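Top to bottom, those sequences are chains A and B. Residue 229, in the numbering used here, is where the first sequence stops; the numbers in between run on with no holes. Residue 252, in the numbering used here, is where the second sequence stops; the numbers in between run on with no holes. We put the CB at the ideal spot given by N, CA and C, even for glycine. All values reported here derive from a predicted model rather than from experimental measurement. Written below as structure tokens is the structure these notes are about.
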Amino acid sequence: MQFTSSSIGRKILMAITGQAMVLFAVVHLLGNSSIFGWLNGGINAYAEHLHSLPLPIIIGFRLALLAMVSVHIWFGIQLTIENRGGRPQQYAVKSTQKATFASENMIWTGSLLGLFLAYHLAHFTFQVISPDTAALKHLVPLHNEMVPNVLGMVVGGFKNFFVSLIYTGAMVALFLHLSHGIQSFFQTMGWSTDKSQPILVKLGTLVALGFFLGYVAIPLTIFAGILKG
Amino acid sequence: MSDHKTMTLTLIVWRQKNANDPGKFETYTAKNITEHHSFLEMLDCVNEDLIYAGKDPIVFDHDCREGICGMCSQVINGAPHGGQDRTTVCQLHMRKFKDGDTIYIEPWRARAFPIIRDLIVDRSALDKIIQAGGYTSCHTGGVADGNAILIPKPVADEAMDAAECVGCGACVAGCPNGAAMLFTGAKVSQLALLPQGKAEAAERVKSMTNAMIECGFGNCTNHYECMAACPKGINVKFIARMNREFLKAQFA
Numbered sequence: 001m002q003f004t005s006s007s008i009g010r011k012i013l014m015a016i017t018g019q020a021m022v023l024f025a026v027v028h029l030l031g032n033s034s035i036f037g038w039l040n041g042g043i044n045a046y047a048e049h050l051h052s053l054p055l056p057i058i059i060g061f062r063l064a065l066l067a068m069v070s071v072h073i074w075f076g077i078q079l080t081i082e083n084r085g086g087r088p089q090q091y092a093v094k095s096t097q098k099a100t101f102a103s104e105n106m107i108w109t110g111s112l113l114g115l116f117l118a119y120h121l122a123h124f125t126f127q128v129i130s131p132d133t134a135a136l137k138h139l140v141p142l143h144n145e146m147v148p149n150v151l152g153m154v155v156g157g158f159k160n161f162f163v164s165l166i167y168t169g170a171m172v173a174l175f176l177h178l179s180h181g182i183q184s185f186f187q188t189m190g191w192s193t194d195k196s197q198p199i200l201v202k203l204g205t206l207v208a209l210g211f212f213l214g215y216v217a218i219p220l221t222i223f224a225g226i227l228k229g
Numbered sequence: 001m002s003d004h005k006t007m008t009l010t011l012i013v014w015r016q017k018n019a020n021d022p023g024k025f026e027t028y029t030a031k032n033i034t035e036h037h038s039f040l041e042m043l044d045c046v047n048e049d050l051i052y053a054g055k056d057p058i059v060f061d062h063d064c065r066e067g068i069c070g071m072c073s074q075v076i077n078g079a080p081h082g083g084q085d086r087t088t089v090c091q092l093h094m095r096k097f098k099d100g101d102t103i104y105i106e107p108w109r110a111r112a113f114p115i116i117r118d119l120i121v122d123r124s125a126l127d128k129i130i131q132a133g134g135y136t137s138c139h140t141g142g143v144a145d146g147n148a149i150l151i152p153k154p155v156a157d158e159a160m161d162a163a164e165c166v167g168c169g170a171c172v173a174g175c176p177n178g179a180a181m182l183f184t185g186a187k188v189s190q191l192a193l194l195p196q197g198k199a200e201a202a203e204r205v206k207s208m209t210n211a212m213i214e215c216g217f218g219n220c221t222n223h224y225e226c227m228a229a230c231p232k233g234i235n236v237k238f239i240a241r242m243n244r245e246f247l248k249a250q251f252a
């Protein structure tokens, strides 16, 4: 049997692609946090720095991310369908002792994140959701250069209640997804033992909470009027 | 017995004539049950009443009745073996229930475990996983000296922890995906830990996990319900070990 059709092989692919996206989420969060001003020039300087990287690196990075997302979605759906078939007839009484809301709803939190990803890319990457604040069309001066006004676009977006709500809701889904996903990675790779596994469950949830707080800090501070454009 | 208080319980039991019968729940009343009855003895009492009334008794699996073999495969109120930590149904006692309780009794439910009748399921899929590689194929020859192969005590202990699995299938019954990963993980680990089993470890983990899929079990998504259901307390670290063995086997 091929690695990609075996039970553990697909589990490992889910774990590695998932964890790669978690690492991306770390970098993305650190980059986003430049909006709070620790970087000279703020998020506009950060965005300009990213876009001035050599084109092959940008394209390669994007293609790699697309591959991770695709593999994760493909096997996620395939495995969920297979696993639902593992018990054709459900129990009349359901009693769970270790499984959590997060672990039982990975397909749904994952689907929400997939939809959010499409919206997020349309909003800030392709900039078609609110063209009147699109950064590519509004250049501002930075270090004697004209650069896209990412700060204006982000602030403009999150001043809208529904946009902030969508982002906050999506981050709840991210929290749930990662609270199961992070610890699951270590178990799937075979890196957990009876002593470390319960600790990894707690640490994974804590890290997921960190992602949630870090990411929602941006729309919340903007919507509350603390962070201004 | 100084205490003569008895309990009356309502049982909602899955009745199914054979694998093709759709099956349904039937309600029974268990009378004159004392707290000293084991769960199976309580069912024996109900069955006695059913037989005297000219009805078919509830068919269930059981063997040792001393908490060892795990034959007593029943999901009680949604928990395989009744949900008492490290306890099989036969060692679950009625003192855990109260007078007037309603108890749901269902068979192990999994695609890989077709129902034979009522609460009895066909667990031979687990045997097929064992047949796929849960053994060593070395020539054993005569009886070897006890210490001819030195095995450190912690390693022997861990292999023994894995070998505690009696193959009852509670892990499958508890798993939301009907996966047999804890069972297979324990069987792969008990052999992979020991020098006699290491020689064929790579081939074994591949063929046993293939058999798992071929038998119709689901895949593991790390819910850890299996560990909660296991009457022998097999730890999910053996699933992690099997995952590790599987990864290693890709490069072997």
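- Shown here, residue 144/B sits in coil according to DSSP, grouped into three states, outside any helix or strand.
- Secondary structure at residue 14/B: strand, using DSSP grouped into helix, strand and coil.
- Among the CB atoms of chain B, none fall inside 8 Å of the CB of residue 202/A.
- When the five nearest sequence neighbours on each side are left out, the beta carbons in the same chain lying within less than 8 Å of the beta carbon of residue 96/A are those of 104, in order along the chain.
- Relative to the Cα of residue 99/A, the nearest Cα in the group 25/B, 183/B, 121/B and 224/B belongs to 224/B.
- For the pair residue 35/A and residue 227/A, the CB atoms are nearer than the 8 Å cut-off.
- Straight across, the Cα-Cα distance linking residue 116/A with residue 167/A is about 8 Å.
- Under the criterion of beta carbons closer than 8 Å, residue 240/B and residue 187/A qualify as touching, at roughly 5 Å.
- Along the stretch 147-164 of chain A, there is no position whose C-beta sits under 7 Å from a C-beta of chain B.
- In the displayed model, residue 39/A falls within coil according to three-state DSSP, outside both helix and strand.
- Residue environment analysis places residue 28/B among the buried positions, since at least 16 neighbouring C-beta atoms fall within 10 angstroms of its C-beta.
- Residues 211, 212, 215 and 216 of the same chain have their beta carbon placed closer than 8 Å to that of residue 171/A, with the five preceding and five following residues left out of the count.
- Contact annotation for residue 235/B against chain A: 194 [CB-CB distance below 7 Å, chain order].
- The bridge partners DSSP lists for residue 93/B are 38/B.
- With the criterion set as a beta carbon lying under 7 Å from some beta carbon of chain A, the members of the stretch 202-231 of chain B are 209, 210, 212, 213, 217, 218, 219, 220, 221, 222, 223, 224, 225, 227 and 228, in sequence order.
- Rounded to the nearest angstrom, the gap between the Cα atoms of residue 69/A and residue 16/A is 11 Å.
- At a cut-off of 4 residues, the continuous stretches assigned as alpha helix (DSSP H) that sit fully inside the stretch 3-70 of chain A are 7-32 and 42-51.
- For residue 140/A, the beta-bridge partners assigned by DSSP are 147/A.
- Only residues of its own chain outside the window of five on either side were considered, and among them 33 and 99 have a CB closer than 6 Å to the CB of residue 7/B, listed in chain order.
- Using a Cβ-Cβ cut-off of 8 Å, residue 12/A is close to 243, 246 and 247 of chain B, given in chain order.
- Within its own chain, the residues whose Cβ lies closer than 6 Å to the Cβ of residue 133/B, once the five positions on either side in sequence are excluded, are 204, 207 and 208, listed in chain order.
- The beta carbon of residue 108/B is closer than 6 Å to those of 73, 121, 169 and 173 in its chain, skipping five residues each way along the sequence.
- With a cut-off of 8 Å on Cβ pairs, the stretch 172-183 of chain A is in contact with the stretch 193-213 of chain A, counting three or more such pairs.
- By the criterion of a C-beta distance shorter than 7 Å, residue 190/B is surrounded in its chain by 159, 162 and 163, once the five residues flanking it on both sides are discounted.
- By the Cβ rule, the stretch 188-206 of chain A does not count as touching the stretch 60-68 of chain B, because fewer than three pairs are nearer than 8 Å.
- Bounds of any beta strand (DSSP E) do not take in residue 244/B; it lies within the alpha helix (DSSP H) bounded by 237-250.
- For the stretch 72-90 of chain A, the set of positions with a beta-carbon nearer than 9 Å to some beta-carbon of chain B reads 79, 80, 82, 83, 84, 85, 86, 87, 88, 89 and 90 in chain order.
- Annotation: Cβ neighbours of residue 250/B in chain A (cutoff 7 Å, chain order): 3.
- The C-alpha of residue 75/B lies about 27 Å from the C-alpha of residue 242/B.
- A distance below 8 Å separates the beta carbons of residue 226/B and residue 175/B.
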